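Trainee: Just remember that the numbering used here sits 3 ahead of the position in the sequence shown, which is counted from 1.
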Amino acid sequence: MNYQKILEEIKEEIIPFLKKGKVADYIPALAKVEVDDFAMSIIKLDGTEYNIGSCQKLFSIQSISKVFSFTLSLDLYGKDLYKRVGHEPSGNPFNSLIQLEYEKGIPRNPFINAGAIVTTDTLVSKYKQNTFPTILEFIKKVSGCQTINFDQDIYKSELEHGYRNLALINMMKSFNNIENNTNDVIETYFKQCSIMMNTKQLAKSMLFLANHGTIPNTNEAIVTEPQAKRINSLMLTCGHYDASGDFAFHVGLPGKSGVGGGIVAVVPQKMAICVYSPKLNKQGNSLVGTKALELFTTKTNLSIF
Ligand code: GLN
Numbered sequence: 004m005n006y007q008k009i010l011e012e013i014k015e016e017i018i019p020f021l022k023k024g025k026v027a028d029y030i031p032a033l034a035k036v037e038v039d040d041f042a043m044s045i046i047k048l049d050g051t052e053y054n055i056g057s058c059q060k061l062f063s064i065q066s067i068s069k070v071f072s073f074t075l076s077l078d079l080y081g082k083d084l085y086k087r088v089g090h091e092p093s094g095n096p097f098n099s100l101i102q103l104e105y106e107k108g109i110p111r112n113p114f115i116n117a118g119a120i121v122t123t124d125t126l127v128s129k130y131k132q133n134t135f136p137t138i139l140e141f142i143k144k145v146s147g148c149q150t151i152n153f154d155q156d157i158y159k160s161e162l163e164h165g166y167r168n169l170a171l172i173n174m175m176k177s178f179n180n181i182e183n184n185t186n187d188v189i190e191t192y193f194k195q196c197s198i199m200m201n202t203k204q205l206a207k208s209m210l211f212l213a214n215h216g217t218i219p220n221t222n223e224a225i226v227t228e229p230q231a232k233r234i235n236s237l238m239l240t241c242g243h244y245d246a247s248g249d250f251a252f253h254v255g256l257p258g259k260s261g262v263g264g265g266i267v268a269v270v271p272q273k274m275a276i277c278v279y280s281p282k283l284n285k286q287g288n289s290l291v292g293t294k295a296l297e298l299f300t301t302k303t304n305l306s307i308f
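#1: When the Cα of V36 is compared with those of L283, N168, F308 and L100, which residue comes out closest?
#2: In or out: G248 buried (at least 16 other Cβ within 10 Å) or exposed?
#3: Return the CA-CA distance between N186 and K8, expressed in angstroms with no decimal places.
#4: Where N112 and E190 are concerned, what is the direct C-alpha to C-alpha distance, given to the nearest angstrom?
#5: Among residues of its own chain, excluding the 5 on either side of Y53, which ones have a beta-carbon nearer than 6 Å to its beta-carbon?
#6: Could you check what DSSP says for L296 in three-state terms: helix, strand or coil?
#7: Taking 8 Å as the cut-off, decide whether the C-beta atoms of I157 and S197 are in contact.
#8: Determine contact between the stretch 117–125 and the stretch 70–80, defined as no fewer than three beta-carbon pairs at a distance below 8 Å.
#9: Report whether the distance from the Cβ of Q102 to the nearest heavy atom of the ligand GLN is below 7 Å.
#10: Any idea what DSSP makes of I109, helix, strand or coil?
#11: Quick check: the stretch 95–107 against the stretch 138–154, are at least 3 beta-carbon pairs closer than 8 Å?
#12: Is G50 buried or exposed, if buried means 16 or more other CB atoms sit within 10 Å of its CB?
#13: Any heavy atom of the ligand GLN closer than 7 Å to the Cβ of S280?
#14: Do you know whose CA, among F308, S289 and I30, lies nearest G24's CA?
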């Protein structure tokens, strides 16, 4: 299959869609991006890469970081983690408070904000002040890139405007589902959201999920095979919030989006993909990114279905 040619076709075919959508501005620093930017990277298990567009450009990974924190927490706590965060799609926006009250402070899944705040709390219980450096080291390892860091301005902007996330963490604290100081946890959560990466680095960082939990080129096991299966299935069912069904319907791959405009997707036993385009659909997922991945699975027949 000529993946480079497929990427070139996709880049042409998404042009009409670049007009649509809106960049996230509820975190003001996130709105300072080139709105028509587009990048897409594919990396196969053998390390062969295909790239198009601004694939070196760093952007805020936002909720894609939830995959990394959940992976670390699952590795530490195993099934016990599900006592504090579920594994069902929420059918609600990523920052919704309503369901959390009904369900007594137990978030539906680790890929909505409340769920990711709980997984970050489990990491703070273990790593204390060293939690963010641990998350960052983990990302450096899985992406094979030592230069990755977070963006101070985006971090500060999230801290200043994170009213909903503060409401979520306080509600969960009231239900005894947050063990640590809420400021310590929310600061770590915002820092992980503010990590900057490009599509090449993000695609590479997902390869262990395409390879039963093991980084292909180093053979290092990150999680067990059953755990990799769970992470992928949660990405499929919950990775796009209340548009997860729509993403499965149109794309048909485990994936995770972030309001920075990135989406990662996993083709089991074959490759990992990352696409970037900052304008979002109503549910907060990259509009062009979703379209590009739909075109990819249509052209290649690489959907899991
Ligand atoms: N930092 C963002 C928030 O907490 C992450 C949301 C997202 O990417 N969906 O609102």
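Ideal Cβ positions, reconstructed from N, Cα and C, are used throughout, including at glycine.
Quick caveat: nothing in here was measured; it's all calculated off a predicted structure.
Mentor: So, to answer that:
#1: Walking along the sequence shown from the start, residue 36 turns up at place 33. Residue L283 is the option with its Cα nearest to V36.
#2: For the purposes of this step, residue 248 is identified with residue 245 of the sequence shown, where counting begins at 1. So G248 ends up on the exposed side.
#3: Looking up residue 186 in the sequence shown gives position 183. Looking up residue 8 in the sequence shown gives position 5. The alpha-carbon atoms of N186 and K8 are separated by roughly 48 Å.
#4: As a working mapping, residue 112 is identified with position 109 in the sequence shown. As a working mapping, residue 190 is identified with position 187 in the sequence shown. If you take the alpha carbons of N112 and E190, they lie about 21 Å apart.
#5: As a position in the sequence shown, residue 53 is number 50, starting the count at 1. Closer than 6 Å at the Cβ level, and outside the excluded window around Y53, lie Y6, Q7, L10 and I45.
#6: Counting from one through the sequence shown, the residue named residue 296 turns up at place 293. Three-state DSSP puts L296 in a helix.
#7: Working through the sequence shown from its first residue, we reach residue 157 at position 154. Working through the sequence shown from its first residue, we reach residue 197 at position 194. A contact, by the Cβ cut-off of 8 Å.
#8: yes
#9: On the sequence shown, position 99 is the one that residue 102 refers to. No, the beta carbon of Q102 sits no closer than 7 Å to any heavy atom of the ligand GLN.
#10: Walking along the sequence shown from the start, residue 109 turns up at place 106. Residue state, collapsed to three classes: coil.
#11: no
#12: Locating residue 50 in the sequence shown gives position 47, counting from the first residue. That one is exposed.
#13: The sequence position of residue 280 within the sequence shown is 277, counting from 1. Flag unset: Cβ of S280 not near the ligand GLN.
#14: The sequence position of residue 24 within the sequence shown is 21, counting from 1. Among F308, S289 and I30, the Cα nearest to that of G24 is on S289.
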